[in-house]
Each structure stands twice: as structure tokens, then as C-alpha cells.
Amino acid sequence: MILLESGHHMLREALELRLGEDKAEFRERNPVEGMIIADFDDVSYCIKAKDELFTLFFVMHGYESLADFGVEAYLTKTYADCGVNFDFSAQTAEGKTYNFSMTFDLSSVPAVGAEVFTEKISAIKRNVLAAPFFWYFDKIREGATPEKAVQIPFRKDESIYLKKGKEDSMVVVFGVTFSDKNDWVVAEVFLREFADARREPALQTAPAVSFSKSPPGELDGLKVDDSDSVVYISFALFQRHYEGAKADASVSSLCLFRNYLHYHIKCSKAFMHMRMRKRVDDLLQVLNRAKPPAEGAVEKKTWTGRSMN
Numbered sequence: 001m002i003l004l005e006s007g008h009h010m011l012r013e014a015l016e017l018r019l020g021e022d023k024a025e026f027r028e029r030n031p032v033e034g035m036i037i038a039d040f041d042d043v044s045y046c047i048k049a050k051d052e053l054f055t056l057f058f059v060m061h062g063y064e065s066l067a068d069f070g071v072e073a074y075l076t077k078t079y080a081d082c083g084v085n086f087d088f089s090a091q092t093a094e095g096k097t098y099n100f101s102m103t104f105d106l107s108s109v110p111a112v113g114a115e116v117f118t119e120k121i122s123a124i125k126r127n128v129l130a131a132p133f134f135w136y137f138d139k140i141r142e143g144a145t146p147e148k149a150v151q152i153p154f155r156k157d158e159s160i161y162l163k164k165g166k167e168d169s170m171v172v173v174f175g176v177t178f179s180d181k182n183d184w185v186v187a188e189v190f191l192r193e194f195a196d197a198r199r200e201p202a203l204q205t206a207p208a209v210s211f212s213k214s215p216p217g218e219l220d221g222l223k224v225d226d227s228d229s230v231v232y233i234s235f236a237l238f239q240r241h242y243e244g245a246k247a248d249a250s251v252s253s254l255c256l257f258r259n260y261l262h263y264h265i266k267c268s269k270a271f272m273h274m275r276m277r278k279r280v281d282d283l284l285q286v287l288n289r290a291k292p293p294a295e296g297a298v299e300k301k302t303w304t305g306r307s308m309n
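Counted from 1, the sequence shown has number 108 at position 108 by the numbering used here; the numbering is strictly sequential.
Take a look at the structure:
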């Protein structure tokens, strides 16, 4: 299965074309007045680049609710070694209001290196969504987790929920809406493979996965959508998943899970449609071969040899 990248390709490309002293001529000849870039989960960016300054505007549904989870402090800490200046006030660019902006100088490569710098900037969406996870990890260590599940409304009609489990475990619940019933048929097969994956010896330490059309017990006390189009997918994480070096990898996988799921649903449907069209073409060829050839007209002649046609 294909794993999606955390960074946005167009953001990475825009930076690679302009970063460094040797790109001064390109920056001068190719200013950017307001390039709009879309991302998964209705996230939108706006780029403005003139001379050495590069400004990236960011907007995401439900961003205001992330303020209580230390998103601003997390972003400031994450990009401290990149020379980035954040403005966390609402701003307007190209007729649209954005949650915050980040500005930096492209004339010299930051100390972290060009590759690390471009990757961190292009992964801004992942880092915004990752902030509540790391905030909750800290609360578990402090023994101060909220009694009810924490809701992260990262899409208009979908949320992620975080809830402390027994002992050192925690549960991450995705409320995923399937507007197309055919998508759910494919997704159910896909999710069953997820749930059964831990039977493999090499995956015994992977998070346990379960799914249900009814809200799980971890969401008791919260107002959630219990319609037939919503499916709740739960991941049980243990200390080995959110401590140390594995924490970043775990959070990155969780932040991309919904996109990963829908990407493979669409790929599966496209593959099935391709096979169906190929099968139809093969059947048409068989039918054409079974069709008897048309008989030619028989020439009639008189007894003297003259043609009567």
C-alpha cells in the first residue's frame, strides 16, 4: 500500500526554486503576488514571495478550537531553528481570511539545511494537526487528562477524538463520513484488513484497530453524529507508541489516516472499473468473432455468358 507524504509537493517545489543565494536571479524575475494552493481536509495556502521574503498564509477548518491545545506554542517550538516569524492573527490575502501566516528569508539556507527546511515548511498542515496529539501526550505524563474525550474538529463534518484509556493506553477515534454508500462497501473490506493485521507476528506491537457504526464508549458524554453515514474507527495506542522517537511517526500516520483511507478507496474503485471495462472489451471481441461473415452477392449469367446483375 502507498503511504502519503506529510509535506505538500507544491509548497516544497516553490521553496526549492527560490531558496539560497544562487537563486537570487530567479527570485527577482519570478515574484509571486498570491498563489492559492489547496490541500487535503479543506486546507488552503496562499503564497506571496517578493525578493528575499517569502510569506505563507494558512487556513484550516476548526483552527480556532486548536488554540486550547497549544498549537501556537508547538509551531513556534517546531520552527525555532528555521528562522520563521509567525503572525497568529487573522489576515486577509487574495480576498480570503487566513488563520495565520509565517514569513522567512530565502536569501540564505537555514542552519538545519535546505532539505530539512523545505520539508518542515511543506508539512505545516501536519504540524498544526499534530499539536493536539502532543498536548494530550503531555497531559498523560502529568496525569491531568480531561475526564471526557477531547474533540478535534479538523473537517466541517468530521472530528478526531482523544481519550485516555486504561493504565498507559489512549484511544484515538476518527469519525469518518461516507457520503457514498459504495465507498463504505470498499472501506469495510479495507478496515477489516487493518483490524486483522495484528495477527501477523511482525505486527504484534502495532496499535489495535476497531471500527463501528455506533459511537464507541470513549465518546460517552459528547454530542456526536450517530447517522448511518458515519463510521467510528478507533486506534488503541500504548506508551511505546507515543513516547520517544516513535511519537513523531505515530502522529504523522494518524494525521494522514483519513486521507490514506480515502485514497485507497478511490484507487480500489478505479482498479475495479478498469477491470470491468477490460472484461467488457474482451466479451465484445468474442461476440465479434462469433458473428458469421456476410455472404457476397451471387453473380447470375445467361446461357450465352452475359451477366444478369
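All C-beta atoms, glycine included, are put in the ideal place defined by N, C-alpha and C.
Bear in mind that the values here come from a model prediction, so they are computed numbers and not experimental data.
Checklist entry - Should GLY175 go down as buried or exposed, given a rule of 16 or more other Cβ atoms within 10 Å for buried? => result Reading the sequence shown from its first residue, position 175 is the one you call residue 175. Burial of GLY175 is indicated by the presence of at least 16 other C-beta atoms within 10 angstroms of its C-beta.
Next on the checklist: Please state whether the Cβ-Cβ distance between TYR232 and LEU4 is less than 7 Å.
Outcome noted: Within the sequence shown, numbered from 1, the residue matching residue 232 stands at position 232. Within the sequence shown, numbered from 1, the residue matching residue 4 stands at position 4. Judged by beta-carbon spacing, LEU4 lies beyond the 7 Å limit of TYR232, meaning their Cβ atoms are not closer than that value.
Checklist entry - Do we get a CB-CB distance below 7 Å when we pair GLY62 with the residues of chain B? => result No chain B appears in this structure, which consists of one protein chain only.
Next on the checklist: Quick check on DSSP: helix, strand or coil for GLY34?
Outcome noted: For the purposes of this step, residue 34 is taken as the residue at position 34 of the sequence shown. Three-state result, GLY34: strand.
Next on the checklist: Let's test the definition: count the other Cβ atoms within 10 Å of the Cβ of GLN349 and tell me whether it reaches 16, buried, or not, exposed.
Outcome noted: As shown, the chain starts at 1 and ends at 309. That puts residue 349 outside it, with no answer to give.
Item to check | Bounding residues of the beta strand (DSSP E) (the contiguous stretch that carries ASN85) | outcome: For the purposes of this step, residue 85 is taken as the residue at position 85 of the sequence shown. Element bounds for ASN85: 85-87.
Next on the checklist: Tell me the residue span of the beta strand (DSSP E) that contains TYR74.
Outcome noted: Taking the first residue of the sequence shown as position 1, residue 74 is located at position 74. Counting along the chain, TYR74 falls outside any beta strand (DSSP E), though it belongs to the alpha helix (DSSP H) covering 71-78.
Checklist entry - Would DSSP call MET60 helix, strand or coil? => result Reading the sequence shown from its first residue, position 60 is the one you call residue 60. Reduced to three states, the DSSP call for MET60 is coil.
Item to check | Helix, strand or coil at LYS246 according to DSSP, with G and I counted as helix | outcome: Along the sequence shown, one-based indexing puts residue 246 at 246. Here LYS246 sits in helix by DSSP.
Checklist entry - Exposed or buried, which one is ASP180 when buried takes at least 16 other CB atoms within 10 Å? => result Mapped onto the sequence shown, residue 180 falls at position 180. Classification of ASP180: exposed, given that the 10 Å Cβ count is below 16.
Checklist entry - What residues in its chain sit with their C-beta under 6 Å from that of ASP39, if we drop five residues either side in the sequence? => result The residue you call residue 39 lines up with position 39 of the sequence shown. For ASP39, where only same-chain residues beyond five positions count, the Cβ hits under 6 Å are HIS8 and LYS125.
Checklist entry - Where are the alpha helix (DSSP H) runs, 4 residues long or more, that stay fully inside the stretch 169-217, in chain order? => result The qualifying runs are 181-196.
Checklist entry - For ALA236, which option in ALA245, ASP220, GLY244 and PRO216 has the closest C-alpha, if you only look at C-alpha atoms? => result As a working note, residue 236 is residue 236 in the sequence shown. The residue with the shortest Cα to Cα distance from ALA236 is PRO216.
Next on the checklist: Among PHE154, SER159 and LYS139, whose alpha-carbon lies nearest the alpha-carbon of TYR168?
Outcome noted: On the sequence shown, position 168 is the one that residue 168 refers to. Note that residue 168 is Asp in the sequence shown here, rather than Tyr. Ranking PHE154, SER159 and LYS139 by Cα distance to ASP168 puts LYS139 first.
Next on the checklist: If I measure Cβ to Cβ from VAL112 and keep anything under 7 Å in the same chain, skipping five residues before and after, which residues do I get?
Outcome noted: Your numbering for residue 112 matches position 112 in the sequence shown. Excluding residues within five positions, the ones whose Cβ falls inside 7 Å are ASP81 and CYS82.
Checklist entry - Does the separation of the CB atoms of SER65 and PRO146 fall below 7 Å? => result Within the sequence shown, the letter at position 65 stands for residue 65. Within the sequence shown, the letter at position 146 stands for residue 146. The answer is no: Cβ separation not under 7 Å.
Checklist entry - Is the stretch 281-293 touching the stretch 42-49, taking contact as three or more C-beta pairs under 8 Å? => result no
Item to check | Euclidean distance between Cα positions of ARG29 and ALA114 | outcome: As a first step, residue 29 is located in the sequence shown; it is residue number 29 there, counting from the start. As a first step, residue 114 is located in the sequence shown; it is residue number 114 there, counting from the start. In a straight line, the C-alpha of ARG29 is about 21 Å away from that of ALA114.
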